[in-house]
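Undergrad: Numbering of the sequence shown is given in our numbering, commencing with residue 625 and proceeding in unit increments. Ideal Cβ placement from N, Cα and C applies to all residues, glycine included. What you are looking at is a predicted structure, and each value in this text was computed from that prediction instead of being measured. Have a look at the structure that comes next, please.
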Amino acid sequence: SFVLKYSNDKENLQSSELYNARLLGIAHLSSRDSPSCLTFDYLITDDKSNKLSVFVHNRTVWRSRLRSEQSAIHIQLNISSPSSTSSLRMDTLIAFDGQVTNNGHIELKNILITHQACPPSILKSSNTKRLTLPFKSPNSRIIPSVTTKAVAGYDCTFEQDMCGWTQGRNNTLDWFREQPISNNLAGIVGPLTDHTYGNSTGYYVTTRLSIPVTTFSDIDISILVSPRLLDNVPGSMCAKWWYMMHGTDDTEFNVYLIPNENFTSTKPIWRRSGDQGRHWQHGQIQIEPGNSITRVVYEVIAIWSIRSEVSLDDVLLLDGPCIKPDFHSISCTFEEEHICGYSSDPTGQLAWTRGKGATSTTLTGASEDHTLGTAQGYFMFIETSSPQKPGNKGRLISVVEQPQYGRCLQFWYHMYGRNIGQLNVYMSTNTSGNDTHPLVWSRGANVGNVWRKAQISTEYKDPFYIVFEGVVGNGIEAS
C-alpha cells in the first residue's frame, strides 16, 4: 500500500500549494500486440484538485477523474512496452504520479501485473443459471424524420468542409475533420465509420491530442461555434447531432445555447461525461422562440490521452419542436422520458422506475446520477422497501440491437446499502420471446455510495437484447 498524504500543520502554508510524489517500478512487458494487465485500487479524498496518474514509458495511460471518491475504486489497464514488433519482454518503466493539496489524501494499493490482456468484466455463461421470461420480443428501433430549417452553414455532414462552424477563441485544442480510415491506419482509437455514410471514407469532426504531441495542457478545452441563428424565430427549433465519446472517463461534453452573443454567463443545457462507448449516439436540444438564442456551442473539457477522443457528425437545425423520439437504442442515459425504448417486465414482482435524487431511506441509493453528476440527473432503480419481500425480482428489458463487430455493453451501476440484493444481466439472441436467457454478469455486494463501471462482450452474429434483473435483499437498506 502506498499513501500520499499532507496534513496542514505547518505555518505560513498557502492553501493552493501542491505536493507531488512518484512511485516507480520496472516491469517486463511484451509488445502492444501482446498486452499485459495492470490492476490496482485507489482512493482520493478531500480536495478535488488531488490527482493520480499512471505513466508507462513516460506516456500517460490513465488519469483519475476530476472528483473525490468515497470508497476505493478498482482499475484495470492493458499496457505494453513501447516496441511494436519485438516478441521479447522488455524492461519498461511504470510510474504512479500523485498530486495533492493541503489536507489531501491519495491511497494506492493492490498493484498487480499479469502477462495477459485484461479480461472483460463478464461472468461466463453456464448451465447453472438461466432466465426464462414470458414476454414478447422488443421492437426494433425507429428513427424519426423531420424537415430541416435553412440557416446558412449550420446543417453540416463535414464531408466537404466545416460549413459555417468556427473554432472557439480560447481553445487549447481545435476540432478538425477526419476519416475513420486515417485514424485506423495510424492505430488511433476513434470511430470505425462516420455517421453520414456509415463507412470508413466519410468525414466527421473530432478533437484529441495530435501525434507527435508538441504541447500538453493538464486540462484541455475544445469549443466549436455554430453560425449565427435567425433573429425573431416565430416557432420552436430543434438542434440535433450525433456524437461519439470513447477512450477515457475524464471527459465532459457540453452543449450551450448562447443568448444575444453572450458567451460568458451561460450554463450548459446538455451534458455527457466519461466513456460512452465506441459507437455513434444521438443528441438534441429544443430552442424556444423569444429566448434570443443566437448560437449553439459544443464544448469538450478533458484530461487528455492520445487514446481518447470526442467526435461529432451530422449537425442539423430543424423546424418545429424536438420530437420525443420513438427512438429505440440499448445506449441510454435515461435523461429523456422515452428511456430509449426500455421497458419494465410486467410479469415481474416489482417495477423499474425512472427517478432522480436521493431515496427516502437513509444510507441507501444514489443521491446523484452518473450522466450529469447532479441530483437533477435521472437513472433507473427498483424500490425495495415494504411491501417488497426478499427475493422479489424486477426486470428492465432493452430493445433489440443489431450485431456489430468490436462492440461491448458498458453500463454504470450503483449498489449501496447493508441489505443489498443482487443485480443480474442476461442476454439473448432469440427475439421470438418465451426463451431462456444465459446469465452473463452478476453482482451481489454493497459496493458503497459510488457509481461503478461494468463491461460485457456483445460479440453476437444475430440480433440480441439485454435484461437487467434486480433482486430484493434481506431488508429495506438497499438500492
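Rounded to whole angstroms, how far is the Cβ of residue 828 from the Cβ of residue 936, which I believe are closer than 8 angstroms?
TA: 6 angstroms
Undergrad: Output the boundary residues of the beta strand (DSSP E) element that contains residue 883.
TA: Element bounds for residue 883: 875-883.
Undergrad: What are the partner residues of residue 1107, as DSSP defines its beta bridges?
TA: Absent from the model: residue 1107. The displayed extent of the chain is 625 to 1103, so no value can be given.
Undergrad: Which residues in the same chain as residue 662 place their Cβ atom closer than 6 angstroms to its Cβ, once the five residues preceding and following it in sequence are excluded?
TA: 701, 703, 737
Undergrad: Would residue 718 and residue 664 qualify as a contact pair, given that the criterion is a beta-carbon distance under 8 angstroms?
TA: no
Undergrad: Would you call residue 1014 buried or exposed, if buried means 16 or more other Cβ atoms sit within 10 Å of its Cβ?
TA: So residue 1014 ends up on the exposed side.
Undergrad: Once the 5 residues before and after residue 1071 are set aside, which same chain residues still bring their CB inside 6 angstroms of it?
TA: 1039
Undergrad: Nearest-angstrom Cα distance between residue 897 and residue 716?
TA: 32 angstroms
Undergrad: Run the CB neighbour count on residue 875, radius 10 Å, all protein chains shown included, and call it buried at 16 or more, exposed below.
TA: The residue in question, residue 875, is buried, as its Cβ has 16 or more Cβ neighbours within 10 Å.
Undergrad: Within the continuous beta strand (DSSP E) that includes residue 915, where are the two ends?
TA: From DSSP, residue 915 is part of no beta strand (DSSP E); its letter is neither H nor E.
Undergrad: Could you give the distance in angstroms between the alpha-carbon of residue 674 and the alpha-carbon of residue 980?
TA: 28 angstroms
Undergrad: Determine the extent of the beta strand (DSSP E) in which residue 1074 is found, giving its start and end residues.
TA: Premise fails: residue 1074 is in no beta strand (DSSP E) and is neither H nor E.
Undergrad: Taking the CB atoms as reference points, tell me whether residue 823 and residue 817 lie closer together than 8 angstroms.
TA: yes
Undergrad: Measuring CA to CA, which of 909, 851, 995 is closest to residue 865?
TA: Check the Cα spacing between residue 865 and each of 909, 851, 995: the tightest is with 909.
Undergrad: So the beta strand (DSSP E) residue 946 belongs to, where does it begin and stop?
TA: No beta strand (DSSP E) contains residue 946, which DSSP labels as neither H nor E.
Undergrad: Return the CA-CA distance between residue 781 and residue 803, expressed in angstroms with no decimal places.
TA: 12 angstroms
Undergrad: Could you spell out the range, first to last residue, of the beta strand (DSSP E) harbouring residue 867?
TA: 861-870
Undergrad: Between which two residues does the beta strand (DSSP E) containing residue 846 stretch?
TA: 844-849
Undergrad: Around the Cβ of residue 1091, are there at least 16 other Cβ atoms within 10 angstroms (buried) or fewer (exposed)?
TA: buried
Undergrad: For a cutoff of 8 angstroms on Cβ pairs, would you count residue 791 as touching chain B?
TA: Absent here is chain B; the protein component of the structure consists of one chain.
Undergrad: Taking the straight line between their C-alpha atoms, what separation do you get for residue 966 and residue 1084?
TA: 20 angstroms
Undergrad: If you follow the beta strand (DSSP E) that residue 735 is part of, which residue opens it and which one closes it?
TA: 729-738
Undergrad: What span of residues does the beta strand (DSSP E) with residue 802 cover, start to end?
TA: 800-802
Undergrad: Would you tell me roughly how many angstroms separate the C-alpha atoms of residue 939 and residue 863, rounded to the nearest one?
TA: 7 angstroms
Undergrad: At the level of alpha carbons, what is the spacing between residue 647 and residue 721?
TA: 7 angstroms
Undergrad: Pull up the DSSP beta-bridge partners for residue 922, would you.
TA: 848, 879
Undergrad: Does DSSP put residue 964 in a helix, a strand or coil?
TA: DSSP places residue 964 in helix when its eight states are reduced to three.
Undergrad: Roughly how many angstroms lie between the CA atoms of residue 1082 and residue 1017, to the nearest whole one?
TA: 24 angstroms
Undergrad: Based on DSSP bridge pairs, tell me the residues matched to residue 719.
TA: 648, 679
Undergrad: Look at residue 880 and residue 921 and say whether their C-beta atoms are less than 8 angstroms apart.
TA: Residue 921 is positioned such that its CB atom lies closer than 8 angstroms to that of residue 880.
Undergrad: Can you tell me whether residue 1022 is helix, strand or coil according to DSSP?
TA: coil
Undergrad: Taking the continuous beta strand (DSSP E) assigned at residue 1050, which residues delimit it?
TA: 1046-1052
Undergrad: What residue range is occupied by the uninterrupted beta strand (DSSP E) comprising residue 1085?
TA: That residue, residue 1085, is in no beta strand (DSSP E); it is neither H nor E in DSSP.
Undergrad: Whole angstroms are fine: how far does the CA of residue 893 sit from the CA of residue 1036?
TA: 22 angstroms
Undergrad: Use the C-beta contact count for residue 793: other C-beta atoms within 10 angstroms, 16 or more gives buried, fewer gives exposed.
TA: exposed
Undergrad: If you drop the 5 nearest sequence neighbours on each side, which residues of the same chain put their C-beta closer than 7 angstroms to that of residue 1098?
TA: 1014, 1043
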